[in-house]
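Right, one structure below, let's go through it.
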Amino acid sequence: VTRALIVDWGGVLTIPLEDAMRGWSEAEGMPYDTVMALLDWYAPATDDEVHIIHALERGESSRGAVADWLALQLRSRHDIHVQADGLIDRMFGHLEHHDAILDVCRQARAHGWRMAVLSNSWDNPYPRDRWIDAFDHVVISGEVGMRKPESRIFEYTLDLLGVDPEDALFLDDEEPNVLAARAIGMQSFLVRGHEAAAARVRSLFKA
Amino acid sequence: VTQHSLADLPATELVSGYRSGSFTPVDVLDETIARIDQVNPVLNAFVGLDLESARSAAVASTQRWASDSPLGPVDGVTVTIKDTMALSGWPTLKGSLQSDERKVLSEDSPTAARLKESGAVILGKTTAPEFAWKGTSDSPRTGLTRNPWNPDRTTGGSSAGAAAAAATGMGALHPGTDGAGSVRIPAAFCGIFTLKPTFSRIPIYPPSTGGLLSHVGPMTRTVGDAALMLDVIARPDAREIYPAAPDSTPWSLGLEDGVEGLRIAYTPTWDAYPVHADVAAALEAAVLVLDRLGAVVTEVDPGFTLPRDDFLTIWDALLSQPLLHVPEDRWHLSDPGLVKTTRRGRSLTASALLQADGSRLTMMAALERVLADHDVIISPQMPCAALPLGRDLPDRWNADMRLEHWIDWSPFTYPLNLTRHPAASVPIGFDGSRMPIAMQVIGAHFDDRRVMRVARAFEREQPFPMPDRNYDAS
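Just so you know, the sequences run in chain order A and B. Residues in the first sequence are numbered consecutively from -13, following this note's numbering. Residues in the second sequence are numbered consecutively from 6, following this note's numbering.
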């Protein structure tokens, strides 16, 4: 029986990440594919490399450093010149709020579910006022020094909520995170369209 | 349309022109500055130019030639200095944002000192990847340096700007440094000549990041210009800590003697490395030229295993040094590949390094076995033509090849940094996309002159063409 719901923030409580990243890339004059290939946060961790986005998500780097790094890669490898100052802040400006999944979170809470946000942060502020009322806990990667898809951050969140993995449902728009949650026994939905994801959660109330 | 310009003349012809009074160093500087204005905005070969000092030097040289009293063999010749080498009045930035621009040097490297003493006109400093750690052309500080044959390709590196400048007449003589292929890779990719001389033949100071792998070499449009440059810079300097025996024989002596009767070991590849078909075909044709010129060519498999892992151990240990002095929270401003190198290098043990250094013995033995019966060895210089711009790895041209580190596409260069043999890169033709291809000529230790002689014999038969520089049209 599902007793807890854990939701991602970027791309789940906001518009789809791709829309935001495309909007940001276009506004900054950066080719979207080049930017995504550089940021590449899906890349697996290796022994002799510290992935700068992984470090950022664990709170070991800053958005200013990553902005400098990204601008440098674009300039030195692609001859593309962007304003490094505030580059990552402007990216977050494109992550507009989206209500569909937040609505279903409120309904779940009304059904007595335990609720958490679980987000990989980029040293960014969160508009908590908009949704803090719907959750019992907010787990931010940069604050806890762990990142999705590391299993330990899921276990940490489950502990906070006081539920077993099989009693928790996890919503995320990135497949590696969904697979990692499944691997430790959680139920997981990959968000590809907010309405569809909201409907799937809602169907669980009826069951 | 290529117009005849003094900027296109080799240094040997500049000096004869000065001597005969056909033109002056100031005339040459003017046309060279016009050339820089034309092509450098596209190619980005310079960290910085100091054309005011260049003009003072050209004026002084013009006066010396007018009174028939040149300072030395390259008086009034336009030259550049690679920004890994010390030049007084300049910082050495080495392509890095970690370097301090305010640290202006008051001392010249031996190469810069010899060129100045001989009256050369120094134009500026040429680009290199960060701390010369790789064989391509981009750096955090200077961005992309573009190939004169196709600006969407890399020049190769690390002597990136030197090669682009040499190929387009932005100066006549260009010293580079080579710790793993850094003069030969860009020379091959840009269709110019270079010699990595026998180790320490050209003194180095301050010691290079490349340590005991590092060599200084001339990068020029002709073999004769390299010989002229060697006359000036291959001279002892008290600061070199591994000095070679002095040798003041002019480098032009015997340069035209040809290859008749020379025993050439032709090695189409090493360790079964899959050379690109266009390179293999061009090399085959070049060897036929040497054969026709009377050389005794024998195909040989040198029979060694590429010392890839051992070399990388040494390379990582050396190239980790610069960033280890930089706080880790600033490493994001460095080339990610150099950061990776630094992380690998700092975890190495002294024992692992010494063990890797043993590869010098096996490589030496393998090459000396071939050189016992042959005067020179010929190999491809690079297994492929210039890479697309901004990438550390090319597209794979063979399904089974290992392609993880830049040295994986430069198998014919780094072994000779371990063994310290002289090795020249000689342009021999073009691939299907009209990018230059080169052969490597390798000689016994301190037999650099014979290497130059083979290169010159080939050049006389098949002079090295220069790019047309019509960049605006593309």
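Even for Gly, the Cβ is constructed at its ideal location relative to N, Cα and C.
- By the beta-carbon neighbour count (other beta carbons within 10 angstroms, threshold 16), Glu261/B is exposed.
- Spanning the alpha carbons of Arg188/A and Asp89/A requires a straight line of approximately 10 Å.
- Gly15/A counts as exposed, since fewer than 16 other C-beta atoms from the protein chains shown sit within 10 angstroms of its C-beta.
- With a cutoff of 8 Å on beta-carbon distance, Trp411/B and Cys389/B are scored as not near each other.
- Residue burial annotation: Leu366/B is exposed, with fewer than 16 other C-beta atoms found within 10 angstroms of its C-beta.
- Look at Asp362/B here: in three-state DSSP terms it is helix.
- Taking CB atoms only, His40/A has no neighbour in chain B less than 8 Å away.
- Sequence-distant Cβ neighbours of Ala167/A in its own chain, meaning closer than 7 Å and more than five residues away, are Phe140, Phe156, Ser174.
- Look at Gly395/B: its C-beta is under 8 Å from a C-beta on chain A.
- Ranking Glu466/B, Leu54/B, Asp32/B by CA distance to the CA of Ala12/B puts Asp32/B first.
- Under the DSSP assignment, His123/A falls in the beta strand (DSSP E) whose first and last residues are 123 to 126.
- Contact note: Asp34/A reaches chain B through Lys345, Arg348, Arg349, using a C-beta cutoff of 7 Å and chain order.
- Contact annotation, Val125/A with Leu144/A: C-beta distance approximately 10 Å; criterion of less than 8 Å not satisfied.
- For Arg44/A, the closest Cβ of chain B is not nearer than 8 Å.
- The region 208 to 236 of chain B contains, as complete beta strand (DSSP E) runs of 3+ residues, the segments 220 to 225 (chain order).
- Under the three-pair Cβ rule at 8 Å, the region 330 to 345 of chain B counts as touching the region 125 to 139 of chain B.
- One finds nothing in chain A with a Cβ atom closer than 9 Å to the Cβ of Leu98/B; even the nearest lies about 14 Å away.
- Among the CB atoms of chain B, none fall inside 8 Å of the CB of Leu25/A.
- As DSSP reads the structure, Arg268/B sits in a beta bridge with Val301/B.
- Contact between Ile433/B and Ala287/B holds: CB atoms are separated by about 5 Å, below the 8 Å threshold.
- Near chain A, meaning a CB-to-CB distance below 8 Å, the residues of the region 310 to 342 of chain B are Asp334, His337, Leu338, Asp340, Pro341.
- Distance from the CA of Thr225/B to the CA of Ala285/B, rounded to the nearest whole angstrom, comes to 24 Å.
- Residues of chain A with a Cβ closer than 7 Å to the Cβ of Ser144/B are, in chain order, Ser62.
- Close partners of Gly148/B in chain A (Cβ separation under 7 Å): Arg61, Ser62, Asp65.
- Counting only residues of its own chain and dropping the five nearest sequence neighbours on each side, Asp452/B has a CB closer than 7 Å to the CB of Pro427.
- Interface annotation, Trp55/A: in contact with chain B, CB-CB separation under 8 Å.
- For Leu323/B, the secondary structure class from DSSP, reduced to helix, strand or coil, is helix.
- With a cutoff of 8 Å on beta-carbon distance, Pro145/B and Tyr278/B are scored as not near each other.
- Assignment of Val47/B by DSSP, reduced to helix, strand and coil, places it in the helix class.
- Counting the other Cβ atoms within 10 Å of the Cβ of Met77/A gives 16 or more, which makes it buried.
- Rounded to whole angstroms, the gap between the alpha carbons of Gly131/A and Arg114/A is 20 Å.
- Take Val331/B, set aside five residues on each side of it, and the residues of its chain with a beta-carbon closer than 7 Å to its own are Gln103, in chain order.
- Distance check between Gly72/A and each of Glu161/A, Trp55/A, Phe191/A, Ile170/A places Trp55/A closest, using alpha-carbon atoms only.
- One alpha carbon belongs to Phe121/A, the other to Glu160/A, and they sit about 21 Å apart.
- Here the alpha carbons of Asp113/B and Phe316/B stand approximately 30 Å from one another.
- Beta-carbon to beta-carbon, Asp88/B and Val52/B are separated by about 5 Å, close enough to satisfy the 8 Å threshold.
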